Amino acid sequence: MSIGDILFNDYNLLANISSNIIKEKKINYTNSTGITELKKTILSIYDYQQNYNENNVIICNGAKHCLFNCLFSILEENDEVIIPIPYWPSYVDLTLLMKSKPIFVKNNSFIVKAEEIEKKITKKTKALIINNPNNPSGMIVDEKELEKIIDLAIKYNFYLICDEVYMDIYFSKRTKSILELKKSMLIKDKLIIINSVSKRFGLSGLRLGYMILPSSLVEVVKALQSNMTSNPNTIAQYTVDIILKEHQNINTILRKRLKSRKDYIIEKLKKLSSIRIKNYSEFGIYLLIETKEDSKIIFDKLLKEEGVAVMPGEVFGLEKYIRVSFSGKDEEFIEGVDRIVKFFNKKIDK
Numbered sequence: 001m002s003i004g005d006i007l008f009n010d011y012n013l014l015a016n017i018s019s020n021i022i023k024e025k026k027i028n029y030t031n032s033t034g035i036t037e038l039k040k041t042i043l044s045i046y047d048y049q050q051n052y053n054e055n056n057v058i059i060c061n062g063a064k065h066c067l068f069n070c071l072f073s074i075l076e077e078n079d080e081v082i083i084p085i086p087y088w089p090s091y092v093d094l095t096l097l098m099k100s101k102p103i104f105v106k107n108n109s110f111i112v113k114a115e116e117i118e119k120k121i122t123k124k125t126k127a128l129i130i131n132n133p134n135n136p137s138g139m140i141v142d143e144k145e146l147e148k149i150i151d152l153a154i155k156y157n158f159y160l161i162c163d164e165v166y167m168d169i170y171f172s173k174r175t176k177s178i179l180e181l182k183k184s185m186l187i188k189d190k191l192i193i194i195n196s197v198s199k200r201f202g203l204s205g206l207r208l209g210y211m212i213l214p215s216s217l218v219e220v221v222k223a224l225q226s227n228m229t230s231n232p233n234t235i236a237q238y239t240v241d242i243i244l245k246e247h248q249n250i251n252t253i254l255r256k257r258l259k260s261r262k263d264y265i266i267e268k269l270k271k272l273s274s275i276r277i278k279n280y281s282e283f284g285i286y287l288l289i290e291t292k293e294d295s296k297i298i299f300d301k302l303l304k305e306e307g308v309a310v311m312p313g314e315v316f317g318l319e320k321y322i323r324v325s326f327s328g329k330d331e332e333f334i335e336g337v338d339r340i341v342k343f344f345n346k347k348i349d350k
């Protein structure tokens, strides 16, 4: 219950789509930034085409690849990147890899606030990374706060990188992409959007992500990707294009199953007095659980005593929290929840 790997729900469909692509001999190199058909589909589905064209879309080998490409393209040594806590660990790791400095912003509500971000801005600030909805907390940045953050990007002239990978994993109302805000066009030359199909459709193994970025960065990223991977996986690109066009219902089915999982685990864990569920969020695939001990200690004990793997909060910049995923196989999920309950009940008895 440590990783957020959503299981695809129709393997026969996926096999048929992929086999037909192979039969059509679509197995060779593509443009280094991805096939035009998929780029147009992405723009159409998200209704971005009014302000962007396919040249602004780069298809990559997953969201991590997108993040690497954009940070490699914009960062120089000793630049600063503002990263709100909690964060996805790759934000920090890749910033450090570029010999830049992560600057952390934290508040107890885990909700990103523009006024707190502004306090961290310096002359060295090159970018701000926002994960909306957030992994691991499931919290979102609302429209008013996003507009305030856009104002900061304009005022201080930094890149705003929005990771929206979990945008389509919601259980009541979908949150808006920052690109759906009219004000976002005021920073079109500094705005980078990252997304993927790993969570939306449970297709993590296809390793297909994309980013929408300023025209000024296109040639740099294109040259980088061409020399790193030649192009994204060809069969995966054509497969995702068909799924986006014809099988949007897959996401609906996944969300229904995940909602049932979420309700189940919350019902089981909220009864435990030794822990507290931090997020009853309507987004994402994780519960963030506050514990009374250091997260690494809980992680080690839970793994050793019950054979259940979770994620210690320290990897997200948090102490005394663990992240529990409610994705994965049904039978393993039920068993995992039972073991977690057993573990924390033992702690009460002690």
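Residue 1 is where the sequence shown starts when you use full-length UniProt numbering, and the numbers rise one by one after that. The C-beta atom is built at its ideal place from N, Cα and C for all residues, glycine as well. Note that the structure is predicted; figures quoted are calculated from it, not measured.
Query: Measure from the alpha carbon of F8 to the alpha carbon of each residue in R257, F201, M98 and L217, then state which is nearest.; Result: F201
Query: So which of N231, P232 and F283 has the shortest CA-CA distance to R174?; Result: F283
Query: Work out the CA separation of S260 and L71 for me, nearest whole Å.; Result: 37 Å
Query: Using a threshold of 9 Å, state whether the C-beta atoms of I289 and K278 are closer than that.; Result: yes
Query: Compute the minimum distance between the beta carbon of E24 and the heavy atoms of the ligand GDP, and state whether it is under 8 Å.; Result: Absence of the ligand GDP from the depicted structure is noted, as is the absence of any ligand whatsoever, leaving it without description.
Query: State the DSSP-derived secondary structure class of E306, mapped to helix, strand or coil.; Result: helix
Query: Do V81 and K126 come within 9 Å of each other at the CB atom, strictly closer than that value?; Result: yes
Query: If you measure between the beta carbons of N183 and I129, is that distance less than 9 Å?; Result: Residue identity check: residue 183 is Lys in the sequence provided, not Asn. Cβ atoms of K183 and I129: not closer than 9 Å.
Query: Suppose contacts are defined by Cβ-Cβ distances below 9 Å. Is Y238 in contact with E37 by that definition?; Result: yes
Query: If you compare alpha carbons, which of D10, I6, I21 and S2 is closest to I235?; Result: I21
Query: Could you give the first and the last residue of the continuous alpha helix (DSSP H) run that contains P89?; Result: P89 to L97
Query: Name the DSSP beta bridge partners of P84, please?; Result: V105
Query: Who are the Cβ neighbours of W88 in its own chain at under 6 Å, not counting the five residues just before and after it?; Result: N131 and N135
Query: To which residues of the same chain is Y166 closer than 7 Å at the C-beta, ignoring the five residues directly before and after it?; Result: P133, N135, K199, F283 and G284
Query: To the nearest angstrom, report how far apart L244 and I192 are at their CA atoms.; Result: 21 Å
Query: State the DSSP-derived secondary structure class of L208, mapped to helix, strand or coil.; Result: coil
Query: Nearest chain D C-beta to E246 closer than 9 Å, yes or no?; Result: Judged by its chain identifiers, the structure shown contains no chain D, having just a single protein chain.
Query: State yes or no: is the C-beta of residue 353 within less than 9 Å of the C-beta of Y52?; Result: Here the chain comprises residues numbered 1 to 350, so residue 353 is not present and cannot be evaluated.
Query: Can you grab the Cα-Cα spacing for the pair K268 / P232, in whole Å?; Result: 42 Å
Query: Per DSSP, V324 is paired with what?; Result: L287
Query: Closer than 7 Å by C-beta to K329: which residues in its own chain qualify, once you throw out the five before and the five after it? Chain order, please.; Result: L7
Query: Kindly list the residues whose CB is nearer than 6 Å to the CB of I111, restricted to its own chain and excluding five residues on each side of it in sequence; keep chain order.; Result: M139
Query: Please report the distance separating the alpha-carbon of K190 from that of Y156.; Result: 11 Å
Query: In angstroms with no decimal places, state the Cα-to-Cα distance between E319 and E147.; Result: 30 Å
Query: So what does DSSP say about V337, is it helix, strand or coil?; Result: helix
Query: Helix, strand or coil for R276 per DSSP?; Result: strand
Query: Out of V221, K342, E335 and N78, state which residue places its alpha-carbon closest to the alpha-carbon of K123.; Result: N78
Query: Going by DSSP, name the residue or residues bridged to A127.; Result: V81 and Y159
Query: What does the alpha-carbon distance come out to for the pair I194 and K120?; Result: 23 Å
Query: Would you mind stating whether I334 and S295 have Cβ atoms separated by less than 9 Å?; Result: no
Query: Mark D241 as exposed unless 16 or more other C-beta atoms lie within 10 angstroms of its C-beta, in which case mark it buried.; Result: buried
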